[in-house]
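One structure below.
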Amino acid sequence: MLVDSHCHLDYFGEEEIEGIVARAVEAGVGRLVTIGTKVQQAAAVKALTERFPQVWGTVGVHPLSAGEAPIPTVDEIVTLADHPRIIGIGESGLDYFYDTSPHEVQRESFRRHIRACQRTGLPLAIHARDADDDIATILAEEREAGGDFPALLHCFSSTRALAERVVADGGYVSLSGILTFPKSEELRAIVADLPEDRLLVETDSPYLAPVPKRGKRNEPAWVTHTAAVLAAVRGWEVARAVEITTRNFERLFTRCR
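Put into structure tokens, the structure is as follows:
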């Protein structure tokens, strides 16, 4: 079954979540990873993972939320992640597109999340928008200072250089509904060249609904559309895209095997 490696179930209304999970399972999506964006949200993420056997989670602070409260320490992030159904840390990273969080605060938050990954061995879900150079620099500096760590460049829509850098360092790249958009020719060209053992799929729901659902609120069941386009880009049968992305997910998120 497919995996939606990045969604935000707690962004939906309480009365909707059961139906959303059920529709995902009906569509062949067997696992969903609901993502942390704020410290105070971690309890809700954990509750969802305990409520649904198909749901797993991460904890962390989104870069655009990094300026809203004191950045958690590395110890605090590690403690937040100490839960059997928390399988990753993040999403963290850099977002220079919106001017809602100071860049220096984002960078410090990103470094702390990386160090928590180094401590725990959990993968880091990386958010990258209009900040590729700084992301590459921080990843390299932290790896040199503190050692290797598993990483996933989520909702990839950045440069070829960043994707290739992450992959060269042993990381993974996750494709969202952006892959299906008509104007995403350059993205599809990059994805066609990346190693097949480094590719995952996601929805980032409720955002970025794929073609043919554009303009609607996205949900995990629709990751099937992204997987179908990935298959077309790579010249695969859809079943092979399902097999490969699920295998890659299990290799990266070892707590979820």
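Residue numbering for the sequence shown follows our numbering, beginning at 10 and increasing consecutively.
Note that the Cβ used here is the ideal one computed from N, Cα and C, for glycine as well.
Taking buried to mean at least 16 other C-beta atoms within 10 Å of its own C-beta, is residue i buried or exposed?
i, result
"Tyr107", "exposed"
"Leu13", "The sequence shown places Asp at residue 13, rather than the Leu named in the question. Classification of Asp13: buried, given that the 10 Å Cβ count is 16 or more."
"Glu23", "exposed"
"Glu252", "exposed"
"Thr82", "exposed"
"Asp142", "exposed"
"Gly224", "exposed"
Can you grab the Cα-Cα spacing for the pair residue i / residue j, in whole Å?
i, j, result
"Asp178", "Glu153", "11 angstroms"
"Glu246", "Leu239", "10 angstroms"
"Glu100", "Phe119", "9 angstroms"
"Ile96", "Asn257", "14 angstroms"
"Thr263", "Val114", "30 angstroms"
"Ile144", "Tyr105", "11 angstroms"
"His71", "Leu162", "14 angstroms"
"Glu205", "Ser183", "11 angstroms"
"Pro159", "Glu151", "12 angstroms"
Let me know the secondary structure DSSP gives residue i once reduced to three states.
i, result
"Thr129", "helix"
"Asp13", "strand"
"Val209", "Residue identity differs from the one stated: residue 209 is Leu in this sequence, not Val. Residue state, collapsed to three classes: strand."
"Ser214", "coil"
"Arg266", "coil"
"Ala134", "strand"
"Leu73", "helix"
"Gly180", "coil"
"Gly155", "helix"
Compare the C-alpha of residue i against each of the options and name the closest.
i, options, result
"Gln49", "Ile80, Arg197 and Val34", "Ile80"
"Thr88", "Arg124, Arg226, Trp231 and Thr43", "Arg124"
"Leu188", "Leu209, Leu73, Glu173 and Leu171", "Leu209"
"Arg40", "Lys225, Glu113 and Glu211", "Glu211"
"Thr43", "Ser74, Val30, Glu59 and Trp65", "Trp65"
"Glu85", "Thr146, Gln115 and Val68", "Val68"
"Val220", "Leu203, Lys192 and Ala201", "Lys192"
"His112", "Glu259, Asn227, Val176 and Gly76", "Gly76"
"Trp231", "Pro204, Thr254, Pro159 and Gly186", "Gly186"
"Phe190", "Arg207, Arg169, Tyr181 and Phe165", "Phe165"
Residue i lies in the beta strand (DSSP E); which residues open and close that run?
i, result
"Glu100", "Ile95 to Asp104"
"Arg5", "Any property of residue 5 remains undetermined from this structure, which presents the chain solely from 10 to 266."
"Arg40", "Val38 to Thr43"
"Leu161", "Ala160 to Leu162"
"Val176", "Not the beta strand (DSSP E): Val176 falls in the alpha helix (DSSP H), residues Arg169 to Ala177."
"Val68", "Val64 to Val68"
Could you give the residue range of the alpha helix (DSSP H) that holds residue i?
i, result
"Gly28", "Glu23 to Glu35"
"Val54", "Ala51 to Arg60"
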